[in-house]
Amino acid sequence: MEVTFKVDANSILNVKAEDKASGKSKKITITNDKGRLSQEEIEQMVQETEEFAEEDRKVKEKIDARNILETYVYNMKNQVNDKDKLADKLQADEKEIETAVKEVVEWLDDNQKR
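Note that the sequence shown covers residues 1 to 114 in UniProt numbering.
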């Protein structure tokens, strides 16, 4: 009598018993589905993952846009305030840039968590 045991990647046990004298054989497959997710549960999780991926993409775009705006505004603010660059060259009517920069900085500060 020869008995063969094989366990696959999904933990399914295949057992084969063969009587060498008579040549008869029997096979049995043993699965342990206890504690495993059903195919329906797996598909639901995949669907939720795809939905969250879209939401994550939108949040990332918003954060990226905010970071670009912050970088631009703070660079502009530094240039406006730098005496060697723009600060002394700005005329009264051109001070609007400085005011606009201040307003955007205030808006960014007020909307930090959004």
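Beta carbons are placed, not taken as given, at the ideal position from N, Cα and C, and that holds for glycine.
Hey, how far is the Cα of residue i from the Cα of residue j?
i, j, result
"Asn111", "Arg66", "10 Å"
"Lys6", "Gly35", "21 Å"
"Lys95", "Asn81", "11 Å"
"Thr99", "Gln79", "13 Å"
"Glu43", "Asp56", "20 Å"
Could you pull the start and end residues of the alpha helix (DSSP H) that residue i belongs to?
i, result
"Ile97", "96 to 110"
Give me the residue from the options with the minimum Cα distance to residue i.
i, options, result
"Met1", "Trp107, Leu13, Lys26", "Lys26"
"Ile30", "Val80, Asn14, Ala21", "Asn14"
"Glu103", "Asn78, Gln79, Val73", "Val73"
"Ile12", "Ala21, Asp19, Ile28", "Ile28"
"Gly23", "Val3, Ala9, Glu40, Arg57", "Val3"
"Thr71", "Glu18, Leu108, Ala21, Asn10", "Leu108"
Indicate the three-state DSSP secondary structure (helix, strand or coil) for residue i in the structure shown.
i, result
"Asn14", "strand"
"Lys27", "strand"
"residue 117", "Because residue 117 is not part of the residues shown, which for the chain are 1 to 114, the question remains open."
"residue 121", "The shown model of the chain, from 1 to 114, leaves out residue 121, and the question about it has no answer."
Could you spell out the range, first to last residue, of the beta strand (DSSP E) harbouring residue i?
i, result
"Lys6", "2 to 7"
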